[in-house]
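Peer 1: Yeah, the sequence shown ends on 1460 if you go by the numbering used here, and it's all consecutive.
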Amino acid sequence: MGLFKRKSKLRKEYDEKLLSLMQHQKALWENSKVMEEIIVEEHPKLKAERKLAQAKYFYLFKEAKVRKIKGN
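1) Which residue marks the beginning of the alpha helix (DSSP H) containing K1435, and which one marks its end?
2) Taking contact to mean 3 or more Cβ pairs, one atom from each stretch, closer than 8 Å, check whether the stretch 1393-1402 and the stretch 1419-1434 are in contact.
3) Measuring straight from C-alpha to C-alpha, what distance separates F1449 and E1429?
4) What did DSSP end up calling I1426 once you bin it into helix, strand or coil?
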């Protein structure tokens, strides 16, 4: 029986890590969107950084959906 408690504890721990990583990645994505809007000249590097941050966030979002994690 101890094995199942450990598995549940590990799952909960990694779910919390995933949620915190999602929050951090969402902040990076929103920050890159704001930076892109502020800067007058369109720069391909900023656009690439924004798209990368967005892709990372949505990947984490899909992973949370697969793991059936409910956020706050």
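Note that CB positions come from ideal geometry on N, CA and C, so glycine has one too.
Peer 2: In short, the structure shows the following:
1) P1432 to V1454
2) no
3) 31 Å
4) helix
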